[in-house]
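To keep things clear, I will list the structure first and then write my remarks on it.
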Amino acid sequence: RELASPFRTRWERLFQHGMSSAFSASHLASKIDRREAEQAFLGGLFHDVGKAVALRAIEALVRNGKLVETSEPVIDEVLHRIHAYPGEEFYDKWTLPGPLMTICAEHHQQEELTDAARALHCVGVASSFDALLFGSATERREALRELSVSAQQLGLSDAQLRACHAQSAMLGQRTQRTFRS
Numbered sequence: 008r009e010l011a012s013p014f015r016t017r018w019e020r021l022f023q024h025g026m027s028s029a030f031s032a033s034h035l036a037s038k039i040d041r042r043e044a045e046q047a048f049l050g051g052l053f054h055d056v057g058k059a060v061a062l063r064a065i066e067a068l069v070r071n072g073k074l075v076e077t078s079e080p081v082i083d084e085v086l087h088r089i090h091a092y093p094g095e096e097f098y099d100k101w102t103l104p105g106p107l108m109t110i111c112a113e114h115h116q117q118e119e120l121t122d123a124a125r126a127l128h129c130v131g132v133a134s135s136f137d138a139l140l141f142g143s144a145t146e147r148r149e150a151l152r153e154l155s156v157s158a159q160q161l162g163l164s165d166a167q168l169r170a171c172h173a174q175s176a177m178l179g180q181r182t183q184r185t186f187r188s
């Protein structure tokens, strides 16, 4: 059975955000410290897997008549608020390496992670730029704060941030063209 429109839209956005964040984070990490590029790629790809878990649960509730179908802004807000929690359980079961689990489970708490690896902040910059360029209002709401924290932790200059923004826009558009449904 075909997915209802708000769900199809969210699945496409989750996929595109993960791919764009992965490529952009890896590109940025390779400029800072090539050894962090693979971890940044994987962190960008998996950082929002909790949203997929939560979206699947919401979709199942709607399909089974246990939840009245809801709008995209409501779905976006729910996913944003709870996505790190179901994701963290999955990361533990997957036994991902510690630094990758940190990126995935705590990518919205950059201020609290004083000794975070640069890969986490590369994901923060990449994810934030993608959210600002292509995301929903909910995704954009915290993106500037997260971008500011991660850029500061990485010591990025204004010129470097402009270059990251341009790279994120180009990679995001390429991802959309490549994986358009």
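So in the numbering used here, spot 11 of the sequence shown is number 18, and the numbers just go up one at a time. Think of the CB as a built atom: it goes at the ideal place given N, C-alpha and C, for glycine as much as any other residue.
Nearest to residue i (by Cα), restricted to the options the options
i	options	result
residue 133	104, 78, 163	163
residue 33	26, 45, 182, 57	45
residue 60	39, 85, 51, 41	85
residue 157	129, 72, 40	129
residue 146	83, 15, 173, 175	83
residue 184	22, 13, 143, 170	22
residue 90	114, 101, 106, 143	114
residue 50	166, 42, 111	111
residue 58	36, 88, 43, 39	88
residue 152	131, 107, 166, 170	131
Neighbourhood of residue i by C-beta distance below 6 Å, restricted to the same chain and skipping five residues each side
i	result
residue 150	135, 138, 139
residue 48	29, 33
residue 141	179
residue 172	136
Residues near residue i in its chain [Cβ-Cβ closer than 8 Å; skip 5 each side]
i	result
residue 10	Caution is warranted here: a pLDDT of 49 is assigned to residue 10, below 50, making its placement in the model unreliable, and the coordinate value is therefore given only provisionally. Excluding positions up to five away in sequence, the list reads 18, 66.
residue 75	69
residue 39	125, 129, 161
Buried or exposed (CB count within 10 angstroms, at least 16 for buried), residue i
i	result
residue 104	exposed
residue 109	buried
residue 125	buried
residue 20	buried
residue 175	buried
residue 55	buried
residue 72	exposed
residue 14	buried
residue 53	buried
Beta-carbon proximity list for residue i, same chain, < 7 Å, skipping 5 on both sides
i	result
residue 168	158
residue 64	none
residue 7	As displayed, the chain neither begins before 8 nor continues past 188, which places residue 7 out of reach and without an answer.
residue 8	Note that residue 8 scores a pLDDT of 48, beneath 50, so its modelled location is shaky and nothing firm can be said.
residue 36	43, 44, 47, 125, 126, 129
Hey, is the stretch 151 to 162 in contact with the stretch 72 to 87, meaning 3+ C-beta pairs nearer than 8 Å?
Judged by Cβ distances under 8 Å, the stretch 151 to 162 makes no contact with the stretch 72 to 87, as fewer than three pairs qualify.
Counting Cβ pairs, one atom from each stretch, are 3 or more of them under 8 Å apart for the stretch 172 to 182 and the stretch 18 to 31?
Contact holds between the stretch 172 to 182 and the stretch 18 to 31, because three or more Cβ pairs, one in each stretch, are under 8 Å apart.
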